[in-house]
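Residue 30 in our numbering sits at position 30 of the sequence shown; the count goes up by one each step and never skips.
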Amino acid sequence: MLTIYAVPVSVYNAKLRILMRHKGVAFTELPPPGGYGSAEYKALIPSGNLPAMIHGDLVLADSEAIAEYIEEAFPDVPMLPETVQLRAKAREKSRMHDTRLEPAVRAIYPQVAYGTRNIDAVNAGGAAISKHLASLAVLLSSDPLDRDTLWMCDCGFAVTFAWIRAFETAIDLPITWPDAVLAYDARLRGYAEVAKELIAYKPAMDAYLEKAKAPA
């Protein structure tokens with residue numbers, strides 16, 4: 001069985017949980033010993049990153065590295081396509097999430113707290129996220145991956161879309177959703193393991209967003 005070190009609110013931890021459950025991989029999830037960033041945790045995971053995985057003698061950090069390992073170690077439910085070309089397209093899509101869209105969404109987190117929120121920064125962040133969503137729509141228009149399959153590259157988008165919607169409500173984040181991205185979001189939420197994770201993840205999201213509320 002895999003041991004995964006994680007914290008409830010992390011997008012990348014949620015992404016990994018979707019993948020493992022969809023593949024039917026048994027795992028135990030634990031908080032980082034001593035807390036995130038602690039010396040105790042770094043003695044176990046030198047990078048200090050979350051999520052991290054222990055499988056037998058293997059210690060591995062970084063969600064994408066862990067996902068690729070699980071794909072190869074537990075191949076019964078494949079989440080990468082068969083050909084070299086299609087696997088490359090899947091990785092391209094995954095990197096769009098990890099290096100463009102998700103960092104733009106993460107940049108909004110400092111604006112959640114009501115007392116220190118900067119409206120100009122919120123508006124600029126919404127524009128940046130909308131730009132990445134527009135780029136994603138273009139990528140989706142020529143996406144060669146089978147749309148009846150949940151791929152590894154899809155898992156992060158499902159959670160990040162949920163954060164964008166939450167920020168729209170909590171802090172009036174201005175977002176332009178292309179129709180292709182709305183359809184993609186709906187398709188992802190139709191997968192059982194995605195839907196289950198979003199329900200399980202919501203309490204952590206709601207707890208984080210408490211700070212967005214005006215003082216009573």
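For each residue, glycine too, the CB sits at the ideal point set by N, CA and C. Just so it is clear, the structure is predicted and the values come from calculations on it, not from any experiment.
Under the rule that a run must span 3 or more residues, the beta strand (DSSP E) segments found entirely inside the segment 46-91 read 52-55, 58-61. Per the Cβ contact rule, the segment 49-68 is not in contact with the segment 103-122 (fewer than 3 Cβ pairs under 8 Å).
Remark: three or more beta-carbon pairs, one from each stretch, lie closer than 8 Å, so the segment 194-214 and the segment 156-169 are flagged as touching.
Rounded to the nearest angstrom, the Cβ distance from residue 129 to residue 175 is 6 Å, consistent with a contact under 8 Å. Per DSSP, residue 4 lies in no alpha helix (DSSP H); the unbroken beta strand (DSSP E) holding it starts and ends at 2-5. Using a Cβ distance threshold of 9 Å, residue 15 and residue 63 count as a contacting pair. The residues 15, 97, in chain order, have a CB closer than 6 Å to that of residue 156 in the same chain once the five nearest residues on each side in sequence are set aside. A residue is called buried when at least 16 other Cβ atoms come within 10 angstroms of its Cβ; residue 39 does not meet this threshold and is exposed.
Of all alpha-carbon atoms in 21, 1, 5, 90, the one lying nearest the alpha-carbon of residue 197 is that of 21. With contacts defined by Cβ atoms closer than 9 Å, residue 158 and residue 179 do not form a contacting pair. When only Cα atoms are considered, residue 127 and residue 173 end up about 9 Å apart. Cβ contact annotation for residue 136 (same chain, cutoff 6 Å, sequence separation greater than five): 181, in chain order.
Residues of the same chain with a CB within less than 8 Å of the CB of residue 41, apart from the 5 flanking positions on each side, are 5, 32, 33, 34, 35, 48 in chain order. Look at residue 173 here: in three-state DSSP terms it is coil, with no helix or strand label. Residue 160 and residue 105 do touch by the CB rule: their CB atoms are close to 6 Å apart, below 8 Å. Taking residue 29 as reference, the option from 209, 37, 210, 1 with the minimal CA-CA separation is 1. Considering only 119, 37, 24, the residue with the shortest C-alpha distance to residue 78 is 24. Collapsing the DSSP output to three states places residue 28 in a strand.
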